[in-house]
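Read in full-length UniProt numbering, the sequence shown has 165 at position 165, and its numbers run on one by one without any break.
We treat Cβ as the ideally placed atom computed from N, Cα and C, and that holds for glycine.
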Amino acid sequence: MRISQIQGLRALAAILVTLFHARLMPGGFIGVDIFYVISGYLITGLILREIERDDHLNLAAFYQRRIKRLLPTSAFVLIATAVVSWILLPSITRVNLGKDLIAASLYVSNYLFAWWQNDYQNLNATPSPVIHYWSLAVEEQFYLVWPIFILALAKLGKRIYLIVGISAVTVFSLIFSIYQTQTSPIWAFYGLPTRAWELGFGALLLFVPQTLLRSRIIPWLAFMGILFSSFRFDENTAFPGWKALLPVLATVLLIASINIWPPMFNDLSNNRVSQWLGAISYPLYLWHWPALVIPSAVLGRPLHISERFGCIALTILLAHLTHRFVEQPLRHKELSPRRIYEGALAATLISALLAVGITLTSSDEISIRGATTTKFSLSQVMKKPGVYGDGCHVNYGETKSGYCTYGDVKSKKIVVLYGDSHAAQWFPALNELATKNGIRLISLTKSACPAVDSPRSDQGAFKMVHCKKWRENSIARITELKPLAVITSSFEYFNPPANYPNRSLWWSDGQRKLLSQLSKSSAKLIYISDTPHPQRDIPSCLASRKSSSCDSTQKTPVRVTRGFDVVNPNPWLCSSYCPAIVDGVVAYRDASHISVDMAMALIPRLQAELAARGIL
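Here it is, written out as structure tokens:
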């Protein structure tokens, strides 16, 4: 009964994650946490039973069983995903797929994807079709060290040492998770040290007497905890951290109270559909993400709800076939240790060869199909302004800009560029103008932190406390510099807090605060209103279809409070619509920022505006 109920929990976890990625359940990502608790419980139980039975643990046999259980299915789905991506995806969306495959096959992809996502500029890019392998990497890294740790504790001879040792690791990991979720949330999300406590809680379940929990309200409270997390958590929830305690403890309580589950819970978990979904939960998890992301990348747009349900149906079919013809036959097949290791090596080599092939055939060139074919360099289109490479553009967690000076660095005529990445997008043009006109340019920019002093809720890696401190430091520096002019711009599509009745009031309040802060510097205050928002990754779109299908009709309204001198770039980039290519130049390097080439092409227009205001 206990195993069948855990199988039902596996089914629940897989369904939650699938619904989350299909944008049908905002907190469905907690399915991964449910998986971790189950894994910690089961794997620690296997280790302890073998030690109790044989008075030792055969580590080689343990690793062989893990390889045989997990590798065939993960390698099969990984290779199939790579082949389909190679065939269907445009070169831009598979340019990084080669290294993603290597990282996934070596079970280190969690750190690769943490590094990739820690760059704010990548957040709007098409995600890797194998990014979900991060959770497998965490689990395999855990399996690598956990049996050695448990064996060492067991050798001490007393049960209390196991409890204390596992508890110590679990508590330390939880504390570190809470800390790093606040300081480096992306690394916290993907890292083993910040996830190990979830598996540790599962392991500690083995030391809880089955008769300890007697109140029949406990399973209901646990279920409500999972339900609440699934519907109330979302992508903006600081996670894992202390908030992950809710789904983790709920799962712990559900497993600990299995013997007193109400009949409804038993019926839901033990029916044939739930048991079948639990049995295919592993391939279901592996297939669901590529089944959702590859069609979206090919179509160049988010999937409609009917398409998402179609992808879920395809996922279930692929998972069933993989379970029947790959997972089960190989799992029950008698294989010598040598054959197991040879199979693991072969799977890794195939992944490596595919990675090399994908990398070698990925082109840096985008061919735009239209009346005539125009070619662009992908690396040039996606190039970031120089302040990024110089380390002068501040990223998440940082609160002070570097002392970077551009233009005519000896000039006493100072202009400051101040704002978020939508201010930094104008740096190439302003740097060129500053150099030619004897101006010293100081760049003070930070990702996701607009100069407009409007409060925001913490969102993922963005922390309002860091943004506020950076603004204070930047304003103090501007006041100290006493520049001729401050040129500022901000991304205008951030979400206001719930206590603001409307976006316009929220934005105008922030601009008035900014105006008051900058007025102390006695500088001319130039506000470049936000550029049009294309709402799709333009290079990806151009790589897969005609340029006209990548055009947008959405211009950004000019919302600038009185007191600023306004420069409106909308007419430079749009007429009756906003084309993806403006005068032969790709307008955007991603789904939000104008390209370096576009900024440089707009120098004459920007020069005229600044000259008219007495800055040049």
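Determine whether the beta carbon atoms of residue 444 and residue 409 lie at a separation below 8 Å.
no
Output yes or no for whether 8 Å exceeds the beta carbon distance between residue 27 and residue 234.
yes
Would you tell me roughly how many angstroms separate the C-alpha atoms of residue 607 and residue 485, rounded to the nearest one?
14 Å
When the Cα atoms are used, what is the spatial distance from residue 36 to residue 202?
8 Å
Beta-carbon separation (whole angstroms), residue 564 vs residue 505, contact threshold 8 Å
Not quite, the Cβ-Cβ distance comes to about 17 Å (not below 8 Å), so this is no contact.
Nearest-angstrom Cα separation, counted from residue 81 out to residue 101:
The alpha-carbon atoms of residue 101 and residue 81 are separated by roughly 10 Å.
Selection from 98, 542, 63 that minimises the alpha carbon distance to residue 141
Each of 98, 542, 63 was checked against the Cα of residue 141, and the nearest Cα belongs to 63.
Candidates 33, 17, 151, 374: which alpha carbon is nearest residue 199's?
33
According to DSSP, what are the bridge partners of residue 243?
Bridge partners of residue 243: none, in fact.
To which residues does DSSP link residue 409 through a beta bridge?
Note: residue 409 sits in no beta bridge, so no partner.
Start and end residues, beta strand (DSSP E) containing residue 376
374 to 377
What's the call for residue 17, buried or exposed, on a 16-neighbour Cβ count within 10 Å?
buried
Counting pairs of Cβ atoms below 8 Å between the segment 246 to 259 and the segment 215 to 223, do you hit three or more?
yes
With residue 138 and residue 192 assumed to form a contact (beta carbons below 8 Å), what rounded beta-carbon distance in angstroms separates them?
Right, the Cβ-Cβ distance comes to about 5 Å (below 8 Å), so this counts as a contact.
Tell me, please, which residues DSSP counts as bridged to residue 526.
487, 565
Does the distance from the CB of residue 537 to the CB of residue 591 come in under 8 Å?
yes
Once DSSP output is grouped into helix, strand and coil, what is the label at residue 618?
Any property of residue 618 remains undetermined from this structure, which presents the chain solely from 1 to 616.
Residue burial classification, residue 510 (beta-carbon count within 10 angstroms, cutoff 16)
buried
Where residue 250 and residue 387 are concerned, what is the direct C-alpha to C-alpha distance, given to the nearest angstrom?
46 Å
Could you compute how far the alpha carbon of residue 542 sits from the alpha carbon of residue 362?
15 Å
Can you tell me whether residue 428 is buried or exposed? The criterion is at least 16 other CB atoms within 10 Å of its CB, across all chains shown.
Classification of residue 428: buried, given that the 10 Å Cβ count is 16 or more.
Taking Cβ to Cβ, would you say residue 489 is nearer than 8 Å to residue 423?
yes
Extent of the continuous beta strand (DSSP E) run through residue 624
The first residue shown for the chain is 1 and the last is 616, placing residue 624 beyond what the model contains.
Cβ distance (whole Å) where residue 449 is taken to contact residue 420 below 8 Å
Between residue 449 and residue 420 the beta-carbon gap is near 5 Å, inside 8 Å, which marks them as a contact.
In terms of alpha-carbon separation, which member of 498, 412, 382, 404 lies closest to residue 540?
382
Tell me which residues share the same chain as residue 513 and place their Cβ nearer than 7 Å to its Cβ, disregarding the 5 neighbours each side in the sequence.
453
Around the Cβ of residue 74, are there at least 16 other Cβ atoms within 10 angstroms (buried) or fewer (exposed)?
The residue is buried, with at least 16 neighbouring Cβ atoms inside 10 Å.
Exposed or buried, what is residue 1 when buried is set at 16 or more other beta-carbons lying within 10 Å of its beta-carbon?
A caution first: residue 1 carries a pLDDT of 43, below 50, which makes its placement in the model too unreliable to give a value.
Helix, strand or coil at residue 445 according to DSSP, with G and I counted as helix:
strand
Which residue from 259, 6, 290 puts its Cα closest to that of residue 213?
259
What number of angstroms, rounded off, separates the C-alpha of residue 189 from the C-alpha of residue 238?
9 Å
If contacts are defined as beta-carbon pairs under 8 Å, then residue 104 and residue 78 qualify, I think. What distance do you get, rounded to the angstrom?
6 Å
Could you give the C-beta distance for residue 622 and residue 312, rounded to a whole number, given that I count them as a contact under 8 Å?
Nothing in the structure corresponds to residue 622, since the chain is present only between 1 and 616.
Exposed or buried, what is residue 609 when buried is set at 16 or more other beta-carbons lying within 10 Å of its beta-carbon?
buried
Quick check on the DSSP output: the alpha helix (DSSP H) that includes residue 31 runs from which residue to which?
31 to 54
Assess contact between the segment 145 to 165 and the segment 46 to 65, defined as three or more Cβ pairs (one per stretch) separated by less than 8 Å. Is contact present?
yes
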